[in-house]
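So in this note's numbering, spot 325 of the sequence shown is number 747, and the numbers just go up one at a time.
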Amino acid sequence: MSQSEAETQSADASCAYVRVDGTRCPGQIEGDGKLCFWHDPDASKEEDGMRSRLEDWAATGESMEGFILRFAQLQGVKLSSHEGRVLRGANLFRANLAGAHMWNVDLQGTDLLKANLAGANLNETNLLDAAILGVTFDGAKLERVEWGDVCVYEKMAFDAQRSGNRAEALEKFEEAEEVYRALRQAYDSAGRFEQAGTFFNREMTMRRMLLPRWSIDRIWSKIVSVFCAYGESPPRVIVSAAVINLLVAVVFWLVGINGPDVGLNRADGRIGIDMAAGLEHNVYSYLHCVYYSVVTFTTLGYGEMTPPTLFTRNLAAAHAFMGAFMMAMFVAVFGKKMTRG
């Protein structure tokens, strides 16, 4: 038999599964199909000894991409390595991975639906686009895990929403909320409050997406998100307050405010925009309006500068109320972040 014929026969005897990089799985075909034991969806993975078989395969350095490990009993399986094992795209539906050592494992796109990862070491794993609905994370180590910006369920929800499938979008938003809640609770119990706060923000965003589009509850939820990221971002409160002050100052600048003669008063005696004056004059008059806006926002008093019209008086009153509200919000959010846990 020639070398080329031997290579062809060897290739025909190997698994037909083709990986993302274009290489074929070297596993030998078992049974009448064209797939190896690991990629055969009909081969039972519930038998004893699955853990040792999988560890033996991993020890060869070969990729485990696309392995079908549904219901597999893999408690304490050791797959950690400095080189990084590849288990992306695998099916681990209801697999028991309690106490598994999976540090630095690539699990991108893996189906982990309702898998048991209690006590597992998942530090530095790649879980981008992994299906993790119903996963048990009790006691799992989750430091430096690559989750991506959003989970796969949120991506699917927005895809369904763009295609006009409202029912599917709502279902996926609800699943995404459940996933973010589970991750938030897992990080909370591990004392990783920064990550827990990030997932709480995403959880509340998904809850908002489940509300009717123009409902009062959804609008209020959006306002809270913008102003403080659902209580997770004190800097956002400060930025929001600064933006509000600058915008209200523009209104005061356009209408004009009563004030002492500081060399910037218009013909009507107000301090504000003056189209007949130069750029420097208008910049200084705007800064005076910013000062008045900040004073009203923080002290509830007009002082030497007063609003001249009914509109600006009501605006100043609303601005003062907003200031009291946002200062209280900052104290609450800052206190929550500093004392959490």
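We put the CB at the ideal spot given by N, CA and C, even for glycine.
- Looking only at N687, H710, V672, the smallest Cα-Cα distance to L737 is reached by V672.
- Sorting N680, A435, A562 by C-alpha distance to the C-alpha of G691 places N680 at the top.
- Contact between G449 and C458 holds, since their C-beta atoms are separated by about 3 Å, short of 8 Å.
- DSSP lists no bridge partner for C447.
- If you look at E546, you'll find it isn't in any alpha helix (DSSP H); DSSP assigns it neither H nor E.
- In this model, L509 and Y575 are separated by some 20 Å (Cα to Cα).
- Here C711 carries a helix assignment [DSSP, helix/strand/coil].
- Listed in chain order, the non-local C-beta contacts of L592 below 7 Å within the same chain comprise L632, local neighbours out to five positions each way being set aside.
- Here D560 carries a coil assignment [DSSP, helix/strand/coil].
- Within 10 angstroms of the beta-carbon of R735 lie fewer than 16 other beta-carbons, which makes it exposed.
- Between T532 and A512, the CB-CB gap stays under 8 Å.
- Runs of the alpha helix (DSSP H) lying entirely within the region 570 to 601 and spanning at least 4 residues, in chain order: 574 to 584.
- Each of A540, N526, G506 was checked against the Cα of L519, and the nearest Cα belongs to A540.
- Per DSSP, the unbroken alpha helix (DSSP H) holding L476 starts and ends at 472 to 481.
- E568 is bridged by DSSP to N548.
- Per DSSP, S647 has no beta bridge partner at all.
- For P657, the enclosing alpha helix (DSSP H) has its first and last residue at 656 to 677.
- R473 sits close to V499, with the two beta carbons spaced by under 8 Å.
- DSSP places D528 within a strand segment (E or B) once states are collapsed to three.
- The three-state secondary structure of T728, taken from DSSP, is strand.
- Across the set D528, S662, F674, the C-alpha of F674 shows the shortest separation from the C-alpha of M727.
- In this structure, the beta-carbon distance from G700 to R688 does not fall below 8 Å.
- Judged by their CB atoms, I693 and L686 are nearer to each other than the 8 Å cut-off.
- If you look at E487, you'll find it isn't in any alpha helix (DSSP H); DSSP assigns it neither H nor E.
- Relative to the Cα of S647, the nearest Cα in the group M628, T731, T547 belongs to M628.
- Distance from A608 to F559 at the Cβ level is roughly 4 Å; contact confirmed, criterion being Cβ atoms closer than 8 Å.
- C-alpha of E625 to C-alpha of L555: approximately 13 Å in a straight line.
- Of M486, G745, D551, the smallest CA-CA separation from M524 is found for M486.
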